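Residue numbers (numbering that gives the first Met the number 0): 0 to 252. Even for Gly, the Cβ is constructed at its ideal location relative to N, Cα and C. All values derive from a computational prediction rather than experimental measurement.
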Amino acid sequence: MKQIGLVVVMALLIGGVIYGGYYGYKLKNTPPEQVVYTDAAQMQEDIERLEGLKKSRGLSWQDAYRLGVAYVQSGRIAEAVAQLEDVAERRPRFYKTYVSLGMAYFRSGEYEKAVSAWNTAMELDPEQSAFLDEMIKRAERKIEFIKRIAELEEEIQRPGASWEKRFELATLYFGMKEVAKAREQLEEVVKSRKDMPEVYDALSRTYMMEGRVKDAADALGRAAELSPDNEDYKKRLSEMENYLAAQEERPDR
């Protein structure tokens with residue numbers, strides 16, 4: 000009986016060790032759930048909770064990933080990059096890390112690193128290619144823009160630089176959301192090309208991006224004068240003029 004009892008106890012102990020080992024392995028290797036925050040307060044709550052855990056006892060790689068994603072979605076990009084790079088080192092085969100890390104790189108202007116991260120994600124999970132192919136193309140366009148901007152910035156410093164180069168440079172700046180730089184170039188272009196509605200239209204758009212509605216309306220009005228049959232110019236100019244009129248009628252003015 001004693002031998003039977005000992006066998007039973009040993010079986011229970013071995014079973015517990017095996018189960019505990021399996022549970023620990025599963026806990027460490029279970030991928031985190033998809034993280035999508037729809038509520039800013041919940042996201043901030045999660046960030047504070049995870050940061051607290053990180054300071055007190057460290058984070059599992061799953062929680063570290065969740066914190067990195069929260070940083071991306073809250074706009075804390077430098078922290079997101081550092082956090083997700085750490086997760087990639089700890090779990091180099093988890094493709095979602097590279098998806099989020101690529102987005103963090105993209106938003107920080109590190110487009111080559113973004114392309115590299117997204118390519119890694121596609122190698123790990125080819126099913127992501129449909130979504131990531133488009134993101135990679137966007138990043139590659141940004142890389143080309145940056146190269147061309149550098150060339151044009153050098154070219155316009157030379158004597159006799161053409162207005163076309165300034166206009167192209169302005170367009171690229173606008174594509175990179177560098178609105179002030181785009182406006183500066185367009186203001187230079189209209190000094191020599193006062194007969195081009197496209198230039199005034201582009202200048203109007205930059206003014207609108209800066210919240211200068213009156214200047215935008217004036218520039219678009221000039222474009223409409225030069226191209227009286229353009230219905231788009233007429234429609235947008237009418238909307239701007241209606242907005243300005245409504246602003247003038249406000250009792251607090």
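Sequence-distant Cβ neighbours of GLU153 in its own chain, meaning closer than 8 Å and more than five residues away, do not exist here. ASP38 carries a coil assignment under DSSP once its states are collapsed to helix, strand and coil. Assignment of PHE93 by DSSP, reduced to helix, strand and coil, places it in the coil class.
Leaving aside the five residues that flank LYS112 on each side, the residues in its chain whose CB is nearer than 7 Å to its CB run, in chain order, TYR104. Ranked by how close their Cα comes to the Cα of GLN82, the residues TYR94, TYR232, SER115 and LEU100 have LEU100 in first place.
Ranked by Cα distance from LEU123, the options ASN241, ARG90 and GLU247 are led by ARG90.
Residue range 162-174 is occupied by the alpha helix (DSSP H) that includes GLY174. Using a 10 angstroms sphere on the CB of ILE142, the tally of other CB atoms stays under 16, which defines it as exposed. When secondary structure is reduced to three states using DSSP, GLY51 falls in the helix class. Here the alpha carbons of SER55 and GLY174 stand approximately 44 Å from one another. Fewer than three beta-carbon pairs drawn from the segment 153-167 and the segment 129-141 are found closer than 8 Å, and the two stretches are therefore not classed as touching. Take the alpha-carbon of THR170 and the one of LYS234: they are about 23 Å apart.
Around the beta carbon of ARG165, 16 or more other beta carbons lie within 10 angstroms, which makes this residue buried.
When DSSP states are grouped into helix, strand and coil, LEU66 belongs to the helix group. Collapsing the DSSP output to three states places MET195 in coil.
With respect to LEU185, LEU168 sits apart: the two C-beta atoms are not nearer than 7 Å.
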